[in-house]
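According to the working numbering, the sequence shown holds residues 1307 to 1784 in order. See below for the structure under consideration.
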Amino acid sequence: MPQEYRLILKHADEPGYTPDIECYLRHGGYESLRKALALAPRELPDGKRMSAQEQIRDEVLKSGLRGRGGAGFSCGLKWSFVDRRSGKPIYLICNADESEPGTFKDRQIIHKDPHQLIEGMVISCFANDVKLAYIYIRGEMPEGAKLLNKAIKEARARNFLGPNILGSGYSLEIHVHRGAGAYICGEETGLIESLEGKRAYPRIKPPYFPAVLGLYQCPTIVNNVETLAAVKHIVAMGSGEYAKLGTPNNTGTRILSLSGHVKRPGYFEVEVGKVTMGELIFHENFGGGMRDGRKLKAIIPGGSSSKVFKAGETFKLKRKGPDGQMAAVDVGILDLPYDFDSLQQAGSMSGSGAIIVMDDSTDIVEALANVSEFYAHESCGQCTPCREGALWMSKALHRMTHGHGRKADADYLLHIAQNIQGRTICAFGEACAWPVLSFVKKFKDEFESRGAADEARHGSIQGATGHPTAASPGLPVI
Ligand SMILES: Cc1cc2nc3c(=O)[nH]c(=O)nc-3n(C[C@H](O)[C@H](O)[C@H](O)COP(=O)(O)O)c2cc1C
Ligand code: SF4
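Here it is, written out as structure tokens:
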């Protein structure tokens, strides 16, 4: 029976569980921090000593924890890139922007169990010699900011934060910074710029990544809320036990946001890779199936910027056979394990863990128009392909959903999207191009038949209203 496995949200929905520190302490809160601060240096067989901080960093690396913010990058590996020799302060920023459409999991931790995040942050800061940390929370979450500020005050009053934490000699301050509600502030370098008081223009990387030159040009760690909350559990359980949860290379638990046309939308914490896409959508413990009389049409598997899946698709996944050799195996969409690697091999990504389900009542052109309007609005405008391309795609889709499409629009949209991806400063370029590329390729008949029907009604639109001109033959004006 596929089920939730609640590690981070273990207590969050229990009757009577509240976000205050007394409740957290009654449930074993801050014990992992005590354990971390009390770690003694360890002698290694080669005679070297491993400090408490190094031991925690090593545990996080060995746990296999992968970032829960979108890219799924190894948390321990990211920490290992931090420049510890620069002599500059090291900062840690908790990314609580949670702006990827379809995602509503970080706010469950913040609203229901904020001390878990604070504890995870203090341990992570201790492990990385951080003395000052920030929580960057999106502007539309004022209640979350209030709860976090209260939690910080409570933690400081109990000496879990502030100077000389629990008599360990280690001191840390955490500040909450509220964003003003721009999607690009979730991108880590845009976030850093915003935190510095500037416009959230993402920085070009490489050559410099935040681990070397981040906030105020100092080494900086940016991690997602859920990633940092998981650190507390890795310290509590040990990396070995944590890594037993989930599947190889996809360890631990993940909080998934399930929305759209299912009977039971909501958030579910599962062991990574132990539940399939079909179970998440159809099983009574999760989505409970499609609305009555409806059939599955499409799934956005990892937030609106991930490539869409079409019902009935099959994928070639790499799997170890009985002889221990890797082989390509056909896996249907409903049997796809929900983990980082399987979704990537299937041509999409698990991103922020936000699954948006669409049934056969969905107008796929309308759905893409909706997604594209969001990206056109949120582009920061630094790079021409993203700034112009996102707007062109949105305008073309707007035209198509208002009765003025043409058959050639499908190829036109693909042409623009192909010229955005890989040609921009930050991954927003891919975020706005991938939905277009996947929706149009997988549902091309719907885009073309709609355009053809409009052309049959109105005739071919020419010139400034939408079609090839002498100035740009072949490339229509939007
Ligand atoms: C356009 C864009 C928006 C993003 N939005 C978020 C976000 O809202 N929250 C988040 O944690 N990461 C977001 N990310 C990913 C961050 O840049 C960064 O990789 C992440 O915070 C690192 O944390 P992790 O390693 O713990 O996942 C976004 C990335 C891009 C390109
Ligand atoms: S890709 Fe888009 S959002 Fe990212 S820097 Fe360029 S214009 Fe800004």
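Glycine residues also receive a C-beta, built at the ideal position from the N, C-alpha and C atoms.
Query: When you compare each of F1680, K1456 and A1675 to V1746 by their alpha carbons, which one comes out closest?; Result: A1675
Query: Considering only heavy atoms of ligand 2, list every residue whose Cβ is less than 7 Å from one of them, following chain order.; Result: I1490, E1493, Y1507, P1508, S1685, C1686, G1687, Q1688, C1689, C1692, R1693, T1730, I1731, C1732, F1734 and G1735
Query: Which of helix, strand or coil does DSSP assign to D1717?; Result: helix
Query: Under 6 Å from any heavy atom of ligand 1, does the C-beta of V1482 make it?; Result: no
Query: Just checking, does the region 1751-1764 make contact with the region 1721-1733 on the three C-beta pairs under 8 Å criterion?; Result: no
Query: Assuming F1482 is part of the beta strand (DSSP E), what are its boundary residues?; Result: The residue asked about is misnamed: residue 1482 is Val in this sequence, not Phe. Unbroken beta strand (DSSP E) run through V1482: E1479 to R1484.
Query: Please identify the residue among I1443, W1385 and E1619 whose C-alpha is closest to the C-alpha of S1405.; Result: I1443
Query: Can S1500 be considered in contact with ligand 1, in the sense that its beta carbon sits closer than 6 Å to one or more heavy atoms?; Result: no
Query: Shortest alpha-carbon distance to K1713 belongs to which of D1760, G1503 and G1375?; Result: D1760
Query: Any contact between the region 1625-1640 and the region 1692-1703? By contact I mean 3 or more CB pairs, one from each, below 8 Å.; Result: no
Query: Helix or strand or just coil, what does DSSP make of R1248?; Result: Residue 1248 lies beyond the range of the chain shown here (1307 to 1784); nothing can be said about it.
Query: Evaluate contact between the region 1364-1376 and the region 1510-1523, counting only Cβ atoms and requiring at least three cross-stretch pairs below 8 Å.; Result: no
Query: Compute every distance between the C-beta of E1404 and the non-hydrogen atoms of ligand 1, then say whether any falls below 6 Å.; Result: yes
Query: Between which residues of its own chain and E1532 is the CB-CB distance below 7 Å, once the five residues before and five after are set aside?; Result: I1314, R1374, K1411, D1412, I1415 and I1561
Query: Counting pairs of beta carbons, one from the region 1705-1724 and one from the region 1643-1662, are three or more of them closer than 8 Å?; Result: no
Query: At 4 residues or longer, what runs of the alpha helix (DSSP H) sit wholly inside the region 1666-1706?; Result: 1670-1684 and 1690-1706
Query: Run through DSSP, which three-state label would E1502 get?; Result: coil
Query: On the three-state DSSP scale, how would you describe A1517?; Result: coil
Query: Grouping DSSP H, G and I as helix and E and B as strand, with all else coil, what is I1726?; Result: coil
Query: So what's T1557 in DSSP terms, helix, strand or just coil?; Result: strand
Query: For L1453, which residues in the same chain have their Cβ closer than 7 Å to its Cβ, ignoring the five residues on either side in sequence?; Result: P1325, I1416, H1417 and P1420
Query: At the level of alpha carbons, what is the spacing between E1672 and L1703?; Result: 8 Å
Query: Looking at the structure shown, is T1495 part of a helix, part of a strand, or coil, going by DSSP?; Result: helix
Query: For T1690, count neighbouring Cβ atoms within 10 angstroms of its own Cβ and tell me buried if that reaches 16, exposed if not.; Result: exposed
Query: Skipping 5 residues on each side, what residues in its chain have a beta carbon closer than 7 Å to that of S1500?; Result: G1485, C1491 and A1506
Query: Tell me where the alpha helix (DSSP H) around C1431 begins and ends.; Result: P1420 to A1433
Query: Use the C-beta contact count for K1332: other C-beta atoms within 10 angstroms, 16 or more gives buried, fewer gives exposed.; Result: This sequence places Arg at residue 1332; Lys is not what is there. When all chains shown are included, R1332 counts as exposed.
Query: Using only the alpha-carbon positions, how far apart do S1667 and R1597 sit?; Result: 10 Å
Query: DSSP puts K1622 in a beta bridge; with which residues?; Result: D1636
Query: Go ahead and label M1664 buried or exposed: buried means 16 or more other beta carbons lie within 10 angstroms of its beta carbon, across all protein chains shown.; Result: buried
Query: Report all residues from its chain with a CB closer than 6 Å to the CB of S1678; omit the five preceding and five following residues, and keep chain order.; Result: M1699, S1700 and L1703
Query: Expressed to the nearest angstrom, what Euclidean distance is found between the alpha-carbon atoms of L1472 and A1457?; Result: 17 Å
Query: Please report the straight-line C-alpha distance between T1409 and H1567, rounded to a whole angstrom.; Result: 15 Å
Query: Looking at T1533 and ligand 1, is the gap between the Cβ and the nearest heavy atom below 6 Å?; Result: yes
Query: In the DSSP assignment, what residue or residues form a beta bridge with S1380?; Result: R1372
Query: Over what stretch of residues does the alpha helix (DSSP H) that includes G1584 continue unbroken?; Result: M1583 to F1588
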